[in-house]
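Residue numbers (full-length UniProt numbering), protein chains in the order written: chain A, 1 to 175; chain B, 1 to 443.
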């Protein structure tokens, strides 16, 4: 190594480290801002990364842990379990169906009739199983969606869950 | 500042680091005059910046809402890798740079062809079976490659030794995310409390035992504690995210402990590794299997606080035998500590930590369970891989042959980790799209 270049070599090394640390601090700062925002504005504010975007409130029934927890705590809350129409052709929005005896949804001769081209004759069934209510797809052509995820097998229902069949959408409430 | 502009800004330090790193290596070699020096290292920096900017422009078009920090973090890691490997061997560095380009192409292809990554769910059993076959292939005659007693490579003549664990980790995470999305609720619903411990119902305990059995089988088949720990750890992390039951994780850890203990007392190659780990500086072992880990520890101690500078580490003894074996793959972390010292090594670890932090944040933002589980699983497996190799090199756990993601020399590692990055960015873009957020707000 030529002697004249040694100071440059040392300078390069420290320059390298300095740039690296500045870069890392820049990213940490953004993570820190996220945390601060979350503390000030509730968990929902975690979503807002850049200013100007709207922060979603934390009313998400699909949030992974809340779903798992209220199952063990108290399967059916104080109120009666019911299915509320969000929007469905032939059903006024906001009306609620009682679920205590179980219901079938579909286009055919069932408890809740759907005027929906995407619904099958007997599309899905909600019924009581032990202390809780479960929803099951009855082999429909176009599938049932629980919180916008394709329903497979029997799934327990939780307060605030959304069930969608074709263009018809319902909420499950039990408060 | 928009997400994509931040990303572009973040690429500037990465290319500065490449320039500085290469310049320092050139100076240390003393092979170039000052004019050539700045020219050559600036060229390397410019090529690197060009590649990154190309990938950035692609992201700007394809995934405008994806997390802005992941790609610059990866660029910094890759730049560390290139400088270190160049410092070991020019030819290897050229190959690594070629793999980097192929990796970026694969990265773009993943984003284009897996735009709707949720269709991966439909192929989950195929993916799981494929990953297991990949993992077992190194045991096949002719194509299998045994390295230091572990079966981790598949020889593709003339091209490379392919490391199936790198790709299998992605497949297994995809499978587990999709499987647990379906079963997580039944796992919790049927749970009983026995002696204060929540136990999953027996019917659903079965599949979990099967996965544990698979991890144990992998230990026997590929004889590598590190990769097995990586897979099983990712499984436990996903199980915890899916069910929020610490007891499941504890049960899994106990089961893994039992299996690991049994193997570390029966499989000769694992016994050796554990012995070396317990007593790395034993003079009797130093000549044989203790050589690698002992020299790795010496190299790290030699680095001190600020290191010997790029190109300053001694790689070969005066008799021209390698002083730091496998310096470009397994032990590259030891070389980094030697050359940039504790301060630089901490920065590397912080880079990994921030990468994983961004990954978990993506998991938090994702609006459906499969995306959450996928992002959490990918971050967990990435973090565990770093832990397994850095832990091995620093003698926290027995040393095993896993690569340091984005830094180590190796085609399969670079390619697989670019696919991992692509998947994380896909999940992130979907979660942060404004219309998705608005949907969330209405709920």
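Beta carbons: idealized from backbone N, C-alpha and C, even for Gly.
Residues of the stretch 9-24 of chain A whose Cβ lies closer than 8 Å to any Cβ of chain B, in chain order: 9, 10, 12, 13, 14, 15, 16, 17, 19, 20, 21, 22, 23, 24.
For residue 292 (chain B), no chain A residue has a Cβ inside 9 Å of its Cβ, as the nearest lies near 27 Å away. For residue 98 (chain A), the enclosing beta strand (DSSP E) covers residues 96-98. Residue 124 (chain A): member of the beta strand (DSSP E) spanning 124-129, first to last residue.
Contact between residue 53 (chain B) and residue 11 (chain B) holds, with the beta-carbon distance rounding to 7 Å and staying under 8 Å. For residue 385 (chain B), the secondary structure class from DSSP, reduced to helix, strand or coil, is helix.
Between the beta-carbon of residue 147 (chain A) and that of residue 125 (chain A) there is about 18 Å, and that puts the pair past the 8 Å contact cut. Counting only residues of its own chain and dropping the five nearest sequence neighbours on each side, residue 48 (chain B) has a CB closer than 6 Å to the CB of 15, 18. Membership of residue 131 (chain B) in the alpha helix (DSSP H) is indicated by the continuous run 124-136. Under DSSP, no beta-bridge partner is assigned to residue 287 (chain B). DSSP places residue 345 (chain B) in the helix class (H, G or I) of the three-state scheme. In terms of Cβ geometry, residue 10 (chain A) and residue 309 (chain B) form a close pair [threshold 8 Å]. Straight through space, the alpha carbons of residue 331 (chain B) and residue 405 (chain B) are spaced by roughly 13 Å. For the stretch 124-155 of chain A, the residues whose beta carbon sits under 8 Å from a beta carbon of chain B are, in order, 132, 147, 148, 149, 152, 153, 155. In the displayed model, residue 91 (chain A) falls within a strand according to three-state DSSP. Within the same chain, Cβ atoms closer than 7 Å to the Cβ of residue 410 (chain B) are found at 163, 329, 403, the five residues on either side in sequence being excluded. Of the residues A:129, A:169, A:32, the one whose Cα lies closest to the Cα of residue 155 (chain A) is A:129. Among the residues of the stretch 336-360 of chain B, those with a Cβ less than 7 Å away from any Cβ of chain A are 340, 343, 344, 347, 350, 351, 354, 357, in the order of the chain. In the DSSP annotation of this structure, the continuous segment of the beta strand (DSSP E) that includes residue 165 (chain A) starts and ends at 162-165.
For residue 84 (chain B), DSSP records no beta bridge to any residue.
Residue environment: residue 94 (chain B) is assigned as exposed (fewer than 16 neighbouring CB atoms within 10 Å of its CB, all protein chains considered). Contacts with chain A (Cβ-Cβ distance below 8 Å) from the stretch 64-84 of chain B involve 69, 72, 73, 76, listed in chain order. According to DSSP, residue 36 (chain A) shares a beta bridge with no other residue. For residue 403 (chain B), there is no enclosing beta strand (DSSP E), as DSSP marks it with neither H nor E.
Scanning chain B for C-beta atoms nearer than 9 Å to the C-beta of residue 30 (chain A) yields 6, 68, 69, reported in chain order. Within chain A, the C-beta atoms nearer than 8 Å to that of residue 182 (chain B) come from 152, 153, in chain order. Think of a sphere of 9 Å around the beta carbon of residue 163 (chain A): no beta carbon from chain B falls inside it, the nearest being about 13 Å out.
As the crow flies, the alpha-carbon of residue 166 (chain B) is around 12 Å from that of residue 132 (chain B). For residue 28 (chain B), the closest Cβ of chain A is nearer than 8 Å. Burial state of residue 138 (chain B) is buried, judged by a 10 Å Cβ sphere holding 16 or more other Cβ atoms. The shortest C-alpha to C-alpha distance from residue 260 (chain B) to any of B:282, B:229, B:304 is the one to B:229.
With a beta-carbon spacing of about 6 Å, residue 362 (chain B) and residue 427 (chain B) fall inside the 8 Å limit used to define contacts. Taking all protein chains in view, the Cβ of residue 222 (chain B) is crowded by 16 or more other Cβ atoms within 10 Å, so the residue is classified as buried. One thing to note: residue 166 (chain A) has its Cβ no nearer than 8 Å to the Cβ of residue 92 (chain A).
Where residue 172 (chain A) is concerned, the enclosing beta strand (DSSP E) starts and stops at 168-173.
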